[in-house]
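**Q**
Numbering (UniProt numbering), first residue to last: 1 to 389.
#1: Apart from the five residues just before and just after residue 286, which ones in its own chain have a Cβ nearer than 6 Å to its Cβ?
#2: State buried or exposed for residue 331, treating a residue as buried only when at least 16 other CB atoms are found within 10 Å of its CB.
#3: Using the C-alpha atoms, what's the distance from residue 163 back to residue 290?
#4: Kindly indicate which three-state DSSP category residue 139 falls into: helix, strand or coil?
#5: Opposite residue 235 in the DSSP bridges: which residues?
#6: For residue 101, tell me which candidate among 312, 350, 267 has the shortest Cα-Cα distance.
#7: In the DSSP assignment, find the beta strand (DSSP E) that holds residue 171 and state where it starts and stops.
#8: Using DSSP's beta-bridge definition, name the partner residues of residue 321.
#9: Express the C-alpha separation of residue 317 and residue 311 in angstroms, rounding to a whole number.
#10: For residue 5, which residues does DSSP report across the bridge?
#11: So, with DSSP's three-state summary, where would you put residue 271?
#12: Which residues bound the alpha helix (DSSP H) around residue 193?
#13: Could you have a look at residue 316 and say whether DSSP puts it in helix, strand or coil?
#14: Roughly how many angstroms separate the alpha carbons of residue 353 and residue 90, rounded to a whole number?
#15: Contact check, residue 232 vs residue 247 under 8 Å by CB: the rounded distance?
#16: Starting from residue 118 and walking both ways along the alpha helix (DSSP H), at which residues does that stretch end?
#17: Where do the ends of the alpha helix (DSSP H) carrying residue 47 lie?
#18: Under 7 Å Cβ to Cβ from residue 208, same chain only, skipping five residues before and after it: list those, please.
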C-alpha cells in the first residue's frame with residue numbers, strides 16, 4: 001500500500017487550486033500585472049503595524065483567550081454598531097485564525113458527516129472544499145446569468161433542498177461573480193431557511209465593497225430576528241489590507257459560545273495576542289483607510305470594466321459588489337487554457353473561471369483592487385488581446 005492510498009479519502013480528494021496553478025505559472029515574470037488573487041496591492045498600514053510591534057515589545061506572546069481578547073471583541077461590537085446599526089453584545093463575537101478558519105468553524109459547527117450544504121455557484125473554491133472536508137456534501141446551485149448579470153432563482157434554491165440539507169452557504173457580495181443579494185433576496189432566503197429549519201452561513205466579507213449607492217451591501221443583519229440560525233464569517237484581509245495576517249471573526253448566537261471555543265481550541269488554539277492588538281486598532285482607527293480602499297476599488301472597477309465592455313466582446317457588466325471583474329469573452333471556450341495564454345502573451349495574470357465551479361468555465365476573474373495606473377495598463381493589454389482573438 002502506498003503512502004497516498006493509506007491516507008484519508010476525504011483529505012486526498014481535496015482538489016488542487018486552479019488559481020494557484022496560474023500563480024505558479026506566472027510568478028516572477030518581469031512586467032507581470034498580477035490580478036489573480038483576492039487582495040489589493042497596498043501593504044498593511046503603519047498605524048496597524050505599530051500596535052503589533054508594541055505588543056511584541058510588551059511581551060504579549062503567551063497563550064490567550066480562545067474566543068478573542070476582550071478588547072477585540074468589544075471593538076467588533078462597536079464596528080457593527082457603526083456600520084450595520086445593530087447592538088450586538090461582545091458575546092456574539094469570536095476571533096478566528098482568518099476568514100477561511102471562520103468558514104471552516106461555521107461549517108463544522110452546523111453539519112455532520114452525511115449532511116448537505118447548498119452553496120451558490122460559481123464560488124470561491126475554498127467554500128466548496130470547506131464543506132466537503134468537514135464530511136458534509138457540498139451541493140452547488142448555479143446562479144442564473146442573463147444579459148451580463150447574475151441572479152438567484154429562489155424556486156431553484158428550494159428545489160435543491162433534500163431531507164439531508166442542513167444549511168445554506170450564502171456569500172454576498174460574491175466572489176467571483178460580484179452578485180450582491182438585494183434586501184428582498186435576503187428576506188426570501190431567510191424565510192426559506194426558517195420554513196425548512198436550515199442554518200445560514202453568511203460570508204459577508206465584501207459587504208463594504210458595494211457599488212449600489214449605499215455605504216455597504218444589504219446584510220442578513222438588517223432583517224434577522226433573535227433565534228434565527230445564522231452564523232456570519234468575516235475577515236480583516238480585504239478591508240484593512242491584512243491578507244497575510246490570517247485573522248478573522250465569527251458572529252454567532254451566544255448559545256454557541258462553548259462550542260465555538262472548543263472548535264478553536266482543537267484547530268488553532270487561538271489567535272496570537274499581538275496580532276489581535278493590530279486588529280483592535282484596525283477596527284477602532286481604520287475607517288478612513290477602509291474608505292480609501294473602497295474609493296480605489298471603485299475607480300479601478302470603472303477603468304477595467306469600461307475598457308473591457310468597450311471591446312463589444314465581453315458579456316459581463318460592472319459588478320455590484322466585491323473586488324472582481326468576472327468576464328465572459330467571446331471566443332474563449334477554455335478558461336484555464338486562456339488564463340495561461342494571457343500570462344504568456346501579454347503578462348497579465350487572471351484566475352480561470354473553471355476554478356470556481358459549475359457555471360464559471362467560460363469566465364476569467366480579475367481582481368481590480370490595485371493602483372489605477374496598473375489597472376489602466378492591464379485593461380489596455382487585455383483589450384488588445386481580446387481584439388486579436
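Even for Gly, the Cβ is constructed at its ideal location relative to N, Cα and C.
Note that the coordinates shown come from a computational prediction; the quantities given were computed from them, not determined experimentally.
**A** Once the coordinates are examined:
#1: Non-local beta-carbon contacts of residue 286 in its own chain, meaning distances under 6 Å to residues more than five positions away in sequence, involve 240 in chain order.
#2: Counting the other Cβ atoms within 10 Å of the Cβ of residue 331 gives fewer than 16, which makes it exposed.
#3: Straight through space, the alpha carbons of residue 163 and residue 290 are spaced by roughly 42 Å.
#4: Strand, per DSSP.
#5: DSSP lists 248 as partners of residue 235.
#6: For the residues 312, 350, 267, the minimum Cα distance to residue 101 belongs to 267.
#7: Note, residue 171: beta strand (DSSP E), 165-171.
#8: Beta-bridge pairing links residue 321 to 210.
#9: Residue 317 has its alpha-carbon roughly 12 Å from the corresponding atom of residue 311.
#10: When beta bridges are read from the DSSP output, residue 5 appears opposite no residue.
#11: Assigned with DSSP and collapsed to three states, residue 271 falls in coil, not helix or strand.
#12: Where residue 193 is concerned, the enclosing alpha helix (DSSP H) stretches over 183-196.
#13: The three-state reading of DSSP puts residue 316 in coil, since its state is none of H, G, I, E or B.
#14: So the two alpha carbons sit approximately 39 Å from each other.
#15: Not a contact, Cβ separation roughly 15 Å.
#16: Run containing residue 118: none in the alpha helix (DSSP H); it sits in the beta strand (DSSP E), 116-121.
#17: Counting along the chain, the alpha helix (DSSP H) containing residue 47 begins and ends at 46-57.
#18: 216, 239, 290, 294, listed in sequence order.
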